[in-house]
Structures are given as C-alpha cells and as structure tokens.
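Numbering (my numbering), first residue to last: 28 to 135.
The C-beta atom is built at its ideal place from N, Cα and C for all residues, glycine as well.
For reference, the structure is listed below as structure tokens.
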C-alpha cells in the first residue's frame with residue numbers, strides 16, 4: 028500500500044523510485060546482489076545519513092516492493108540482505124538509455 032502523496036502526476040512513482048537515495052541503493056544492488064544491510068551502509072554511509080538509508084530501504088522494500096529481503100550467510104550466522112526485483116533492473120537500464128538519448132539531444 029502506497030502512502031497518499033500530494034500533487035501526484037502521471038510519473039510520480041518513477042520520480043519516487045529514482046530519487047537520489049533510492050537510485051543509489053538500486054545501482055548498488057544491480058552491480059552485486061544480494062547485499063547485506065551493513066554493506067549498503069558501508070558504501071552509502073558517506074553520501075547519506077543513516078536515517079535516510081533506513082527510510083530508503085523501508086520505502087523500497089515495503090512500499091514499492093522493489094527489494095526482496097533474503098537471508099545471507101555471514102561469518103557469525105545469518106544476516107538480513109536484499110535482492111532487487113529483476114523487472115526493476117530492466118526499468119533502470121531503460122531509464123539510463125533514455126538519459127543518454129536526452130544528453131545527446133541537449134548537446135545539439
């Protein structure tokens with residue numbers, strides 16, 4: 028269930044998915060998946076606050092259903108990690124392709 032947001036338009040969900048912290052988490056998970064929460068914090072902790080990362084993971088996993096929680100074997104047992112939905116990988120690649128097209132048009 029998505030939270031009701033003010034001033035929704037036709038692409039508000041795409042905008043929410045591609046916000047800076049959401050996109051950073053998604054890109055990391057596209058590079059290597061699954062990743063533990065500690066790995067995500069270690070890499071993104073310098074760019075975003077801990078609170079932002081917690082809210083981002085919550086939003087991506089619960090509200091948007093982009094991330095799939097998984098158990099990952101660690102040195103001390105099992106930990107929580109995240110996989111990314113394969114459909115989201117396709118969406119991100121399409122958006123990146125669109126970005127390159129727009130950059131080419133802007134240069135003309």
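Distance CB(residue i)-CB(residue j) smaller than 7 Å
i           : j           : result
residue 83  : residue 49  : yes
residue 99  : residue 63  : yes
residue 108 : residue 61  : yes
residue 53  : residue 119 : yes
residue 80  : residue 87  : no
residue 112 : residue 93  : yes
Bridge partners - residue i, DSSP secondary structure assignment
i          : result
residue 62 : 109
residue 97 : 108
Proximity to residue i [Cα-Cα], best of the options
i           : options            : result
residue 75  : 135, 44, 37 and 51 : 51
residue 57  : 117, 42, 34 and 40 : 117
residue 101 : 65, 133, 46 and 55 : 65
- Along the chain, which unbroken stretches of the alpha helix (DSSP H) at least 4 residues long are found entirely within the segment 111-135? 113-134
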